[in-house]
Each structure stands twice: as C-alpha cells, then as structure tokens.
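Read the structure below first, then the notes.
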Amino acid sequence: MAELYKLLRAILCLSGSLIVFHALNHNRRTEVLPQESIGIHARQIQNLVTFGDSFTDPSIQSHLGKQTWPVYATGYTNTSLFQFAKGGGVCSTELIPIPFPNVSVVEAQIRNYLEFASTYKLDMEESLFTLWIGTNDLGSLGLLIGKVTEPGISVVDTTVCAVNWVEIMYNHGARNFLFQQLATPQSYSNLYWAGSRNTTEWNLMMHELSSAAKSLSTLMLQNLAHRLPGAHIGVFDSFGLFLDMFNDPKNYFNGTAPLNVTFPIRSCVCHLDSDEVICTEVESEHERDSYMWWDELHPSEQAQRIVAKEIAEVIDTGFNKWSKWLT
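See the structure below:
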C-alpha cells in the first residue's frame, strides 16, 4: 500500500511537474507547426538510430541466435541501423542505481552517440531516432522494490528523464523521433529476482506503474512537441500492441505449438533466496513462433518481428495503426 500511495502521489504531482518542465524551457519560442508538416513522409527515412535496453539491443540476443526488432525493421525497409541501446539500461543512474556500468541512456548511450556523431555525420532529415526504455526503471532493478538514489523518486521522474531524451537529441541536431512507450511488463517471480515477494502485489504494481508511465509520457510529449520547431515527434503505442498480442494471439503468432502468451520459451524456476536456477527451453524453432515471451521479461523473437513490422510500416508509409504523430 505504501508503494501504491507513492504512485498516486506521483500522478497527482503531474501538473506541477509539467509546470516545472515548462519553466525549464521558458526561453524557447512556442511555434505551432502547420498541419501538413506533421509526421515523416513515406520512404523519407534511410537511417534508424536506436536507444534503449535489452528489448532493443541486438548484442544481448545475438548470442542466443535471436534478433531484436531493429535488425528486422532495417532489413524490411532496406535502411541502415545505428544502434546505441544497451541491455540492462535505465534512463539515468542519477535516478535508478543499477549495478551495470555504461548502459544508461543519459550517462552512456547519449555519450556514445555524441562520440559517433563527432566523426560520422548523419543526414538528419533521413534519420529516425527511437527510444524504448523504462522496463528496468520500473522493475526489480528500480521502482518496484524502491531501489532509487534518494527518497521520493517516482515514475514521474523516470518518465521525465525519458521524455527529456527527445529535447537533448533535438539540441544535437535530431529532428525525427519515435518514442516507444512501455510494453505490458506485468512482472512475476523469475530468474531476475529470487528474493521474497508478493507476486500478486508485484503484478498489480507493475500494471499500475506501466499504465501511469504510458499516460504521463503522452502528456509530457504533447507539452514538449510544439516547442521544438522543425521536429517530428511520434508516439509508438507498444503498450497497446502487446496488449493486443496478448488478447488476440492468433493474429500475431504462427508456430506449430498451441499459441501461448503466458508461458515463456525459456522458463526458469528459482529457489527462494538462492542462486540455484532450473531452466527448461522450447527447442523447436517452429514451435517458438507460437510464444509471446522469450523468458519472464523479454519478448520472443516472433514478438520482436511484430514490433519490427509495425515500425517498418511507419518508415515505409509514414503512418501506422500503433503510431501517432504529435508534430
């Protein structure tokens, strides 16, 4: 209940946070772009520049013989991939003190991009910058267990951090953005947490946190969008897409096994307060395409292909069922 109270308090503070967020940018001239300039054009994008965590980082999955969505998306669209996402990443270690070095968006990924950009010049009109972050911020590395750098840090702070990525990249020349909202990480006990927990409470809390982050980010991006002249900012509804996969799997999964949106390909049993983990794994590639989840945290490769297909449609046509352009 204490965690739920903190969440409600954070949501109630949203209006104040938006005022502060506006005050920090008071020197920017407000400019409303004409309707015809909203969004990117079909086939305008030739470069995909990605930031985020293990949902996006190809290096995390490649050693398992799997690929993440950016590899598929650039393959589907014949575009170039410039990848800065890092597995285990959070938005900022100033908020969530993760044990992994050099993976956070603010302290590592943006720095790596700027080092790259100092020698390699992308055509910004032809480049789409994406961010998919927040699962680790909310989960058992962060807010879910109250692991923050100082008392009072909430989902409002982690969401502000993610939205600020847009303005930071804009100030470094980026103009086309696709902000990928959180999926539906209704977490339960898994190999990433073997300590004591109330699984039902975790499930409900993760649902509340991810739902709040979705609504907060949309409001904050709307507040920001028209203060960045020449920017095209889109929101990709990962939350809605994954919920649709869960509710109507026959439209998305095509493996030879019965469709399964609750049991992962790689399932692990942990003993309480122990490092001992016993895992089983579906071996058949044809059967794996029936599953929504790879393990208790990460999407399956088929789910990654689905994300890639939807974002590829944005690149190819400028529009998509799960995407909305704010400017």
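When you line the sequence shown up against my numbering, it's residues 6 to 332, in that order. C-beta atoms are modelled at their ideal positions from N, C-alpha and C, and glycine is treated no differently.
Assigned secondary structure, residue i (DSSP; H/G/I helix, E/B strand, else coil)
i, result
"Lys329", "strand"
"Trp299", "coil"
"Gln51", "coil"
"Leu86", "strand"
"Gln227", "helix"
"Leu119", "helix"
"Pro39", "Low per-residue confidence applies at Pro39: pLDDT is 44, beneath 50, and the placement is therefore not dependable enough to give any value."
"Gly245", "helix"
Residue i classed as buried or exposed, judged by whether at least 16 other C-beta atoms fall within 10 angstroms
i, result
"Cys284", "exposed"
"Val76", "buried"
"Leu143", "buried"
"Thr163", "buried"
"Asp280", "exposed"
"Gly235", "exposed"
"Leu233", "buried"
"Asn181", "buried"
"Lys219", "buried"
"Gly147", "buried"
"Asn141", "buried"
"Asn325", "buried"
C-beta atoms of residue i and residue j nearer than 8 Å
i, j, result
"Ala113", "Ile138", "no"
"Thr55", "Phe105", "no"
"Met250", "Val266", "yes"
"Ile103", "Val95", "yes"
"Leu246", "Glu315", "yes"
"Glu301", "Arg293", "no"
"Ile311", "Thr82", "no"
"Ala313", "Met297", "no"
"Ile43", "Thr322", "no"
"Val165", "Phe184", "no"
"Ile65", "Gly92", "yes"
Spatially closest choice to residue i from the options, by CA coordinates
i, options, result
"Val287", "Ser59, Pro263, Gln51", "Pro263"
"Asp58", "His303, Ala317, Met211, Ile320", "His303"
"Leu136", "Ser123, Glu120, Ser289, Met174", "Met174"
"Gln51", "Ala78, Leu246, Phe324", "Ala78"
"Leu149", "Asn117, Met210, Phe182, Val171", "Met210"
"Glu213", "Val161, Leu183, Thr332, Ala179", "Val161"
"Leu86", "Pro269, Asn208, Glu290, Thr61", "Thr61"
"Gly178", "Gln185, Ser222, His276, Ser123", "Ser123"
"Arg271", "Thr261, Glu290, Tyr125", "Glu290"
"Ser243", "Asp128, Thr223, Ile65, Gly147", "Thr223"
"Ile238", "Ser328, Ser295, Asn208", "Ser328"
"Ser215", "Trp170, Glu172, Ser159", "Ser159"
"Asn176", "Trp330, Gly93, Met129", "Met129"
Check: residue i C-beta below 7 Å from any heavy atom of the ligand MN
i, result
"Thr124", "Because no ligand of any kind appears in the structure shown, any question about the ligand MN cannot be addressed here."
Quick one: any contact between the stretch 251-263 and the stretch 222-232, if contact means 3 or more CB pairs under 8 Å? no
Examine the Cβ distances between the stretch 181-190 and the stretch 148-156 and report whether three or more of them are shorter than 8 Å. no
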